[in-house]
Each structure stands twice: as structure tokens, then as C-alpha cells.
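Engineer:
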Amino acid sequence: MTMILTDGSPGAIADLVRRIVHARRGLSRAEVVAWVSQFVDDVNRADAAARIGKVINTMCELKDIGCGTMRGEPVLVAVPERRIALPDDTVVVLGDHGTSGGTTSEQLFPEVAGGATESLVEFLASLDEPVSMSGHRALETIGRWTGDDPMPPGLRMALSLSGAFDPVEQKWSISKENASFLNEWFNLAPSITSSGEVESPDESQRRVMQAPACSRMIVEAGPGSGKTHVASERVISLVEDENLAASRILLLSFTRIAVAELRGRISRRLHETPHVASLQIRTFDSFAARLLAGASVSSSGGHDASIRAATRLMRSDNPLVADAISQLEHVVIDEAQDLVGDRKEMCEAIFALLDPACGITIFGDFAQSIYGYQRRGTAGSTLLTEVAKRADFTCAQLDRDHRTRTESLREMFSSVREALRDDPAGSKDGYFRIREQIKSAAIEHDITGFAVHPSTTGGLILTRSRRGLFTAAEDMRAEGRSFKLRLPDRPPRIEAWIGALLGGLPAATRLSRDDFRSIHEALNPAPSRDFEECWDILLDLDASGRDHISVGNIAEGLEDPPLELLSDYEGRSGPLLSTIHAIKGREAERVMLLLTRTPSSDEVDWAEESRTLYVGATRASTELRTGWLSQKKYYTIGEPERFWAARPDHRLIEIGLEGDLIDWAEFVRSVHVTNEADAISSIWHFSNDEPRAAAYPDPDGRLVLKTGDHDGTAIGCLSDGFVELMQSLRKVEPGAALPEVVSGISVVGATTVVVPGRSGEAASLALMPLLGGFASIPR
Ligand SMILES: Nc1ncnc2c1ncn2[C@@H]1O[C@H](COP(=O)(O)OP(=O)(O)OP(=O)(O)O)[C@@H](O)[C@H]1O
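Residue 245 in our numbering is what sits at position 245 of the sequence shown, and the numbering runs on without skipping anything.
1. Just how far apart, CA to CA, sit S180 and W664?
2. In whole angstroms, what is the alpha-carbon distance linking L328 and A289?
3. Is I52 buried or exposed, if buried means 16 or more other CB atoms sit within 10 Å of its CB?
4. By Cβ distance below 6 angstroms, which residues in the same chain neighbour S414 in space, the five residues on each side in sequence not counted?
5. From what residue to what residue does the beta strand (DSSP E) around S166 run?
6. Leaving aside the five residues before and after R517 along the sequence, list all residues of the same chain whose C-beta is less than 7 angstroms from its C-beta, in chain order.
7. Measuring from the CB of G224, is there a heavy atom of ligand 1 at a distance below 7 angstroms?
8. Would you mind sorting C717 into buried or exposed? The rule is 16 or more other CB atoms within 10 Å of its CB.
9. Would you say S687 faces chain C, with C-beta separation under 8 angstroms as the test?
10. Report the residue from K584, A507, E533 whose alpha carbon sits nearest the alpha carbon of G557.
11. Rounded to the nearest angstrom, what separates V75 and C60 at their Cα positions?
12. Taking only three categories from DSSP, how would you classify R481?
13. Which runs of the beta strand (DSSP E) fall wholly inside the stretch 33-76 and span at least 3 residues, in chain order?
14. Ignore the nearest five residues each way along the sequence and tell me which others in L523's own chain have a CB closer than 7 angstroms to its CB.
15. Using 10 angstroms around the beta-carbon of T456, count the other beta-carbons present and answer buried if the total reaches 16, otherwise exposed.
16. Would you kindly report the start and end of the unbroken alpha helix (DSSP H) that includes K344?
17. Any heavy atom of ligand 1 closer than 7 angstroms to the CB of Q210?
18. For ligand 1, is there any heavy atom lying closer than 7 angstroms to the beta carbon of Q368?
19. With H, G and I counted as helix, E and B as strand and the rest as coil, what does DSSP make of I537?
20. Could you give the distance in angstroms between the alpha-carbon of A677 and the alpha-carbon of L595?
21. Terminal residues of the continuous alpha helix (DSSP H) containing G831?
22. Should M217 be labelled buried (16 or more other beta-carbon atoms within 10 Å of its own) or exposed?
23. Tell me the residue span of the alpha helix (DSSP H) that contains L384.
24. Relative to ligand 1, is the shortest distance from any of its heavy atoms to the C-beta of T406 smaller than 7 angstroms?
25. Hey, out of E666, I438, F109, whose CA is closest to I174's CA?
26. Spell out a yes or no on whether the stretch 359-373 and the stretch 328-341 are touching, meaning 3 or more CB-CB pairs, one atom from each, closer than 8 angstroms.
27. With a 10 Å radius around its C-beta and 16 neighbouring C-beta atoms as the bar for buried, classify S759 as buried or exposed.
28. Could you give the first and the last residue of the continuous alpha helix (DSSP H) run that contains Y431?
29. What did DSSP end up calling T169 once you bin it into helix, strand or coil?
30. Given a cut-off of 8 angstroms, decide if L262 and I249 are closer than it, judged by their beta-carbon atoms.
31. Among residues of its own chain, excluding the 5 on either side of L291, which ones have a beta-carbon nearer than 6 angstroms to its beta-carbon?
32. Where does the unbroken alpha helix (DSSP H) through M780 begin, and where does it stop?
33. Taking only the alpha-carbon atoms, compute the straight-line gap between D149 and G656 and give it to the nearest angstrom.
34. Taking the alpha-carbon positions, what's the E609 to Y431 distance?
35. Based on Cα-Cα distance, which residue from L188, G154, V112, P167 lies nearest to E782?
36. Can you list, in chain order, the residues of its chain with a C-beta nearer than 7 angstroms to that of L485? Leave out the 5 residues immediately preceding and following it.
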């Protein structure tokens, strides 16, 4: 072995460590440190030893060398070689390779020519702890860790492999490709834009934003033209420039997430405006629920039934309702191309009651109309097409695409939209032509192994159908990849710690900071947010401006929860898997659009299929890829569709859709829950452990979900709707005897729920489990 005086760089130290371990196959750690120290040119021996120690730790962590103990003494041993391909196409080698990286190399691991044994994707996927670091600043190619918290081990390992990394100084220098890969992998670059920055409008946007408050306007424009952006700017301008009172503006959109995003953006901009909280920014469903509650009309049977009841109410000449609606001075509606059936009729009922001076701004894009199956016989009719026929509306356009970052995407966004406009009826040939146009705008297409493709570390993975989504999730799982899953038709999730801490307390309960601290400290397992963070969130929700909180106020604040407490997916890190339908209106830098060879089913609506592909492809701002998916076979049942499968002695049925559990108040009443706090504590424990639960029949003929066996704590109760479906799968009458047990139900999390007060009392809080997977029903 030649003796070299090193510059003390981590790469040089690693090289020396590797040499001696390679030569001796295994020796004590102290011996390695002593041997390497003599070559390190540092006057302070203790510093040098500490430096060498850190490098050795990093090498052990990455299994470049093995570490263990022999007779109580730490030892280092040689381990087999692994070659890891990095996103920038270089290959680094770990383990017992006998390759010298050169004594001045900044890199901890030498680069080699030739094939790799695994990719960085596989390496990172194999780590135990998936890491999502959203909220941190994105990594630059040259940088230094400045977070107050210690650098997560996953990031440390990834940086060590990706280029020059100094584990002592926590500094790095890596290639552009590797940096962008790591940003995606660790969620460092926000992939779904929800930025609240003020962007200066283009001319066409300005015309819409600044139109007189009384104008009635349809704004029909393509993806990325800023419809949602302009919808919120329109509201801001109505308040700031046209002096409309916040309470007289109604903005309706589809999902709670979209509404929370709009509300967040608008209230940040209007924070100095008095009564900004009285802006009515709602989903169609919550608008209907409010209207019914205001008129003391109760409605059961889910969202669609409430929408129909609200429409009937508005058409019933009820003076209170007519008065409330006629007070409005402006109504804004987003995504009008998807307003069909009951929701479309509800909007028309609203319009009929508006004062003639009330303005209306409707945003939509014909090319993104993808809810045809809701139409029920009124083919082609959406709020957008209906209003376009009215003489009292003018049409405006937005003419710039603000989403795309590449020329090929920009070109595809507009040419496919033209193709869709030219052929509204659609055809099979037209569909395949559009598919080819989309594929040629992709930076890669025909990807077959999307689940091992290095691009699928972040961004969106989109499927046409739920069936495709389930299959894609299974493929990712089989490769050990972490991902987030957005299942349509699932209940919304509000962070569970609120229900876990305050659930079951009477609405009138008041808590001081110290009271809350002791509840927070006692919660086991501890919530993911620390005491200070939780307290600040609750003070905001309470909104009374006092230094204590009341449960009733928090419950009221959660009726329109802020975005930071809401999520519409399960899983913590990795790309977001979603159906195209469930992702409309959102965007990401990177999109993997998964195609199936031909759309299945006998009666294909080719125009709708084409528009759906278009919506999927236009979510991408920078990188679009297309891949192939071979869908698994499942049977479906019910509306919305859910999967089931037959087994020799049982059937499996998908569980966890919205409405599969009865609501909290009914659960407490009908299952005779005497101690709500106990039930909530069990739900909290259960949702953290994510084990399986089972449902057992009770004497009243209900299927009660329990932890453990029949004597476990009740944590929920299956709804009549679910039980009916289940009985029909068993091919028995709905009222026939229930099975002795329905097992295998996964508790995938929990959500805080608001429990409406009885007869005018304030609302309170509870915690409900979120279910997933397939329930097993004996034949
Ligand atoms: N004037 C502008 N300047 C800069 N960025 C803008 C501007 N207008 C919109 N954007 C940005 O462009 C992107 C697309 O905007 P937005 O999502 O509102 O479009 P959209 O028309 O609603 O799209 P889609 O129909 O696909 O839902 C967003 O990231 C938005 O912040």
C-alpha cells in the first residue's frame, strides 16, 4: 500500500478507509481511524478523528462498508459490490470494489464505467423511512443544509451518492439532473402549484377581472389560461375596486380542496378588508347544505339528494330563501363545463332568483368536459352550453397559456383543443389521432415499466379509470415504491389530531393554553404537530381573537377547513396517483399519463374519451410522459362503482367510499356509545397502527365496526347502503340475516369530523376512521 498524504477531503478519507477494509477484509474501527489519521494533514488530531468518524458513519449507513461488533468492539468489514445508476447517467460503486476514487476526489463514492446493479430509484425505495420534505426549499446544484432540524438520513444518503457531498459540513455539489431528481423525490419542489403570489394579469385576463360588477359573462378558455386564477382575481377586484360587500359575493367550485385553495388565496390578498370571512366561497354541496340548514329543511341521502332538495327549495317560493339569494351582487362559477344534471339545475335555480343587477361570471372549457356519464339523457347539455345560448351573457376569452414551459406542450394544448372543437361528436379514429398528438408532445412515450421508471418519484401519475388506478397502485406497491393515492369517492380528510384532542367534548368547552397543553401532552401516540403549532392553528380556527379556544368555535371554523388541514389522498411521499377525473383543475411539473391499449366497454363515447385524455395531458407544465398499463380484472357493483372479487368461500368488496360508515351522531345514538372519549381514543390508536378491523352484527341488526374481536371497542357502524350492496353480493334479500363477521377491513387513517348540534345548539367535534382495502364477506 502506497502512503499518501491526503487533503482531508471526505472523498480522500473514504478512499483510505475503503483501501484498508478491502485489504484486511475486516478490522476494528479504532484501528481504521488510527491508520487513516496518520495521512490526514490536520494539526488537531481530535478534529481529524471526528471527521474520519463522520465519513465512516456515512459509509456504513450506505453499506459501502459493513459495521458490526466483535467481542464488544466495533468492527468494519468488506461487503459485496453494488453499482448504482444516477439520474444523470453516471454510475457510482459501493462496497468491496477495490477501485480507487483518487485522493483528491470530492466524491465519497467513485464513478465507474459500465452497467449498474440498481438505480437510485430502487436504492431510495428500499430505505425503510419514506421521506417527504415538502415545505423545505428546493436543492440547488451547489448548496449547504441550513435547516434547523437535522438533515434526514434519506437525503444524506441520496446526496452522498449523487455527487460531491461533505457529511461534516453538510455541503454538496451535484449535477443539475441529479438535483432535479432529488427535488422531485423528496418533494422539495412543490409539484402542485398553489402559489399565492400576485401575478400580473395578461390583457385578456385584465378585461375579465375588471369588468363592471353587474356584467354577466362566460369566460371560455383552454387549459392553463388562468381561469381559476382569474376567478379569484375577479372576486378580489369586485371587493377592492367595485366596493361590493364580501357577504354579497358567492363563488362556487367543485371540490373542497379547490374551495380551500381559492379561499386561502383570496383571503391572503384581502386580509385588510373587513368581513372578508363573510365571502361565500363554497362547493356546490356545501352551498346546498347551508341553504337547507338556513331554511331548517333536513335532507338525508347524500350530496346529490341535498342538491336536489336545495333546488326544490329555491323553486318553492320560500320568501326567506328568495330573499337570501336576491341579496347577492355577484356570482362566480368555476369549471362550468362539468356542471350537468342536478348541479346544473341548482345553478339555474340560483340564477332565476338573482336580482337583475346581480352580475355572473362563469368559467369553463368545452374541451375539458368529462362528466358525461352524469348527464342522464340530456346529452351534451352543460351549464356552459346552456348559458352560451342566453342573450343576457357576453362571451370573453383568455388567450394566453400560462402553464406550459415547453414549446411542444404549448403546441399540443392548442392543436388538440382545435381538433376537439372541429369534431364535437368524436370518433374512434379521432380518438387515436389525438392520442398520437399527445404522445408526440411527451418527452418520452410508450413507457412500459412506469413503476420502476426514475421519473415516477414525484408529480402526478394519472389513469383513465378507477380500475387503472387500483392496478397502478398495486404495481407501485410491488416495486416497493412510496406514493400518494387519491381515490375518488372517498371522504375528505381533515387532520386527525383535532378530533383526537377535542372530540367528544361539549361544544361549550373552553380551553386555555395550559389546559390545551396538558391534553396535547397526554395524547398517545403523540400528534405529528407540536404543541405550539397545534395551538396556533386552533386559535386561527377559533377566530374569536381571545387567548382561549372554544370547541364550538373550532367546529364552526372547520366547516370550511383551511387547505393546510385538508388532504384528499393517502400516503406521505412520492408521486400522487389519481384518476384524471379526480385531478381536474390541478397541475404539476411532471405527469405520467398511463394509457390502456384500447378503452374497454362496448359503448365508448369517443369524444368524451378524447377530452379525458386531453384533461390528463394538460395537467403537465414541463414534463409529460405516457406509459402503458395492463389493467387487472375486477367486477364492479353499485353507483359510484366499486370493485369486488369472488373467492371460493368468501367475496371481497371494496370498502371506504364516502357514506360507507354512518355519521358520528347517528353512530353514537344507534350503537349506544356511552363513552365517546373512549371510542375516539381507540380510533386514534387504530388509525396510527393501521391494522385490520372487523364488523359484527349487533342485536339491532347493524354491522358494528370493532377493534380486535367481537368484544372490542366500537369505532364505527356500516351504513344501510353498504349493507344492502353487501347483501346483494351474497345474493340474499336485503333484510336477510347478516353474516357473523365482515373481516379484513383496513383502517387507513382517521379524519376529524364536525358533529352538527341538535336543535340549534353549536356543533362539536369527533374523530372517524377512514377505511380502505377490501372487506371479506363469508358466502
Ligand atoms: N397572469 C399570469 N401570470 C403568471 N402566471 C399565471 C397568470 N395567470 C395564471 N397563471 C398561472 O398559470 C397556471 C394555470 O392557471 P390556472 O390553473 O388558473 O388555469 P386554468 O385555466 O384554470 O387551467 P385548467 O383549465 O387546466 O384548470 C397557474 O399556475 C397560474 O398560477
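We put the CB at the ideal spot given by N, CA and C, even for glycine.
Being a predicted model, the structure only gives us computed values, none of them experimental.
Structural biologist: Per the coordinate set shown:
1. If I take the Cα positions, the gap works out to 45 angstroms.
2. Between the alpha carbons of L328 and A289 lies a distance of about 18 angstroms.
3. Looking at its Cβ environment, which holds 16 or more other Cβ atoms inside 10 Å, I52 is buried.
4. Within the same chain, S414 has no close Cβ partners at all.
5. The question names Ser, but residue 166 is Asp in the sequence shown. Counting along the chain, the beta strand (DSSP E) containing D166 begins and ends at 163-166.
6. Once the five neighbours on either side are set aside, the close Cβ partners of R517 are F531.
7. True, at least one ligand heavy atom lies under 7 angstroms from that Cβ.
8. Counting Cβ neighbours within 10 Å, C717 comes out buried, since at least 16 surround it.
9. Checking the listed chains, one finds no chain C in this structure; it contains a single protein chain.
10. If we check each option's Cα against that of G557, A507 comes out closest.
11. Rounded to whole angstroms, the separation of the alpha carbons of C60 and V75 is 11 angstroms.
12. Residue state, collapsed to three classes: coil.
13. Every beta strand (DSSP E) stretch that sits fully inside the stretch 33-76 and reaches 3 residues is listed by chain position as 65-70.
14. Excluding the 5 residues flanking it on each side, L523 has same chain C-beta neighbours closer than 7 angstroms at A500, L501, in chain order.
15. T456 comes out buried.
16. 341-353 is the span of the alpha helix (DSSP H), which, as asked, contains K344.
17. Taken from the Cβ of Q210, every heavy atom of ligand 1 lies 7 angstroms or farther away.
18. At least one heavy atom of ligand 1 is nearer than 7 angstroms to the Cβ of Q368, so yes.
19. I537 falls in the helix class under three-state DSSP.
20. Within the model, the alpha-carbon separation for A677 versus L595 is close to 47 angstroms.
21. Any answer about residue 831 is impossible in this case: the structure gives the chain only from 1 up to 779.
22. With 16 or more other CB atoms across the displayed protein chains lying within 10 angstroms of its CB, M217 is buried.
23. For L384, the enclosing alpha helix (DSSP H) has its first and last residue at 383-388.
24. No, the beta carbon of T406 sits no closer than 7 angstroms to any heavy atom of ligand 1.
25. Of the candidates E666, I438, F109, the one whose C-alpha sits nearest the C-alpha of I174 is F109.
26. They touch, by the three-pair rule.
27. Label assigned to S759: exposed.
28. Unbroken alpha helix (DSSP H) run through Y431: 428-441.
29. Here residue 169 is Glu; the residue named in the question, Thr, does not match the sequence. It is coil, neither helix nor strand.
30. In this structure, L262 does not lie closer than 8 angstroms to I249 by Cβ.
31. The beta carbon of L291 sits closer than 6 angstroms to those of A310, all from its chain and outside the five residues before and after it, given in chain order.
32. For residue 780 there is no data in the structure shown, the boundaries of the chain being 1 and 779.
33. The alpha-carbon atoms of D149 and G656 are separated by roughly 36 angstroms.
34. Approximately 7 angstroms between the Cα atoms of the pair.
35. An answer regarding residue 782 cannot be provided, because it is not within the stretch 1 to 779 covered by the chain.
36. Contacts found: A473, Y569, E570, G571, L577.
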